[in-house]
Structure formats: C-alpha cells, structure tokens
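There are 2 protein chains.
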Amino acid sequence: MCYDRRMEPRISLVTLGCRDTARARAFYEALGWTGTSPDGEVVFIQAGAMVLALWDRGLLAADTAVPDGGGWGGVTLAHNVATPEAVDAVLAAAASAGATIARPPAATEWGGYSGVFVDTEGHPWEVAHNPHWRLGPDGAVHLPPST
Amino acid sequence: MCYDRRMEPRISLVTLGCRDTARARAFYEALGWTGTSPDGEVVFIQAGAMVLALWDRGLLAADTAVPDGGGWGGVTLAHNVATPEAVDAVLAAAASAGATIARPPAATEWGGYSGVFVDTEGHPWEVAHNPHWRLGPDGAVHLPPST
C-alpha cells in the first residue's frame, strides 16, 4: 500500500515489560502459550496473527525511549471467549498459574460477562464474553457492521 | 477447546486509556484507521483479527480495577512493515498526525530498522522492519520456525 500519511490498522507486537521475564514466561507457558527466545533475553510468543513479547521492563523503557511511570500505564489487554463459562475457566486457569484476580467475573452493564486478572508482572487482562461481537473459530474478533 | 488450566494464545483487544478520547480518535483516523463508537464514549477500531479500543483513562483504570501509575506502564506496541523505507514513512505520517517521535528511525542491533512514536495520549509504538520475521500479505507476523 501507499504509506503516504497512512498506517495500516494493525498491531504486530505487544511487548510486556517484566520485572522477572523468566517468571512471566513460566506464567504464560503454564497457560499453554509457547515462548521462544532467540537471545535468551526477550521471549516471543506467537499469538494468532501477532506476537506477544516479554522483556525486561527497564530495557524496554530504554528501548522505547520513555520514562517508566512504575505502575499501570493506561493499557489493558482483553481476551474474548465464546461463553460466560469460558470466562470463569480462563480466570481460574490464570489464578492457578499465579495471576491475581483484580475483578471477579460478573455480568457487565454492556450486556456481557467479564473479569480481570493481573499477570505476575502487573499487566492486566480482561477476560470477556461479548455477545455483541462475533468471535471466529480462529479466535478473531469482529466488530458488528454498524456500531 | 478445553479451557481447563488453559488460555488460547491470542489477544482480542488492546485498550488505550486516553486523556482525551476524541483527540486520540482523530489521531488514529488521520492515519486512516476507522473508529466506531457504540455509546459515544468508547471508540473501537477493527485492526486485523483484533480490536484497538480508545477509552477514558480514568474509566479504564476503574474498570480494570488497578491504580493508575500516571505514566508509561511497561507496555509498548509495535507495528511491523515490509521495508526500512516504510518505517520512515509511517513515522512521518504519525508525526504529521500529531505524534511525538521518541526514537528516530535507525538500524537496530538485532539487524532490523526501527523508530518509536508516542501517540497523543502518551502510548508508544515501535515501527519496525524485522528481516527475520515473515510479514504476510494480510499484515500478520510470523515467528521463524525455530528461535
């Protein structure tokens, strides 16, 4: 495509800064995710059409050229599933792997069902069932045609 | 699939907390992204198989049930492109739309080429050409078979 004043609407990689990258890798691998590390330092996990990376938080801040606020910084990930029961199951799996449950699963005001876990490095994930969005067999989420 | 102690390796949604959601929407729309808002508050943008959401940072923090550190919180997004020239072009487009260039584009120690912009709400994106990863025609990134 022509990149003149444009950027394709996609995210290739989400990198999570970690206090302990090995601990973070163990957490995600306990959930069934497969990490590889080309240099023994950064860990890459194929996640559908994109990649989740785990890397030392100080090195990530330096590489990103931003000061580290030290806490949560306004980014929340979400993992959508097909049923409310799957929300409960994923949150239980995350807790079993070492996550903290920040918000127990419950019906939401927007007609769905969700809860939040925080991974071992402080990064939150909402686990949600959203009946208004189509969830493909490959896990892709699709906004309704007109919202 | 059976969710017992498992979580499918995928990210459905990345929500960016915004000081000014309308300003953030205008920024991403200037880059060619298409936002929709079912409630006039949260903005959803289809980004390949996932969704980027823009939402008031205070409401997001409350919904996530985490305290807000106030700055960057250890999450950096990346947008991979096919050539070094496309890195330059996307960074220029982002700057033109109102982003700050945190790290000018340059060759990286891992053999690629990248730079970083920070959006109007303080969220950084690395724009990268990584010759070691396969970038599909649909924008999907694929890790090499063995890293």
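Chains as they are written, first to last, in my numbering: chain E, 1 to 147; chain L, 1001 to 1147.
Note that the Cβ used here is the ideal one computed from N, Cα and C, for glycine as well.
Any chain L beta carbon closer than 9 Å to Pro38 (chain E): yes
Status (buried if at least 16 other CB within 10 Å, exposed otherwise) for His79 (chain E): buried
Contact with chain L by Arg23 (chain E), beta-carbon distance below 9 Å: No, Arg23 (chain E) does not count as interfacial toward chain L.
Buried versus exposed, by CB contacts within 10 Å (16 or more), Trp33 (chain E): If you draw a 10 Å sphere on the C-beta of Trp33 (chain E), you find 16 or more other C-beta atoms in it, and that means buried.
Straight-line Cα distance separating Gly1111 (chain L) from Trp160 (chain E): Since the first and last residues shown for chain E are 1 and 147, residue 160 (chain E) lies out of range.
Cβ neighbour criterion (16 or more within 10 Å) applied to Glu109 (chain E): exposed
Spatial distance of Ala1062 (chain L) from Gly74 (chain E) (CA atoms): Whole-angstrom Cα-Cα distance: 11 Å.
Same chain, Cβ closer than 8 Å to Gly48 (chain E), neighbours up to 5 away in sequence not counted: Asp138, Gly139 and Ala140
Assigned secondary structure, Thr15 (chain E) (DSSP; H/G/I helix, E/B strand, else coil): strand
Residues from the region 124-141 of chain E in contact with chain L, defined by Cβ distance under 9 Å: Taking 9 Å as the upper bound on Cβ-Cβ separation, chain L lies near residues Pro124, Trp125, Glu126, Val127, Ala128, Asn130, His132, Trp133, Leu135, Gly136, Asp138, Gly139, Ala140 and Val141 of the region 124-141 of chain E.
Below-9 Å beta-carbon distance, Pro105 (chain E) vs any chain L residue: no
Whole-Å CB distance - Gly1122 (chain L) paired with Ile1101 (chain L), under 8 Å assumed: With a Cβ gap of about 14 Å, Gly1122 (chain L) and Ile1101 (chain L) do not count as contacting.
Under 8 Å by beta carbon: chain L residues contacting Glu109 (chain E): Chain L residues near Glu109 (chain E): none, gap ~10 Å exceeds 8 Å.
Members of the region 65-77 of chain E near chain L, C-beta cut-off 9 Å: Ala65, Val66, Pro67, Asp68, Gly69, Gly70, Gly71, Trp72, Gly73, Gly74, Val75, Thr76 and Leu77
Interface partners of Glu1008 (chain L) on chain E, CB under 7 Å: Gly139
Buried versus exposed call for Ser96 (chain E) [16 or more other C-beta atoms within 10 Å across all chains shown]: Under this definition Ser96 (chain E) is an exposed residue.
Near-chain L residues of the region 48-59 of chain E (beta-carbon distance less than 7 Å), N- to C-terminal order: Gly48, Ala49, Met50, Val51, Leu52 and Arg57: these are the residues of the region 48-59 of chain E whose beta carbon lies less than 7 Å from some beta carbon of chain L, given in chain order.
Partner residues on chain L for Phe27 (chain E), Cβ-Cβ distance less than 8 Å: Those within 8 Å of Phe27 (chain E) in chain L number zero; the least Cβ separation is about 10 Å.
Alpha-carbon to alpha-carbon, Thr120 (chain E) and Ala30 (chain E): 12 Å
For Ala53 (chain E), the three-state DSSP class (helix, strand or coil): strand
Cβ neighbour criterion (16 or more within 10 Å) applied to Ala1106 (chain L): exposed
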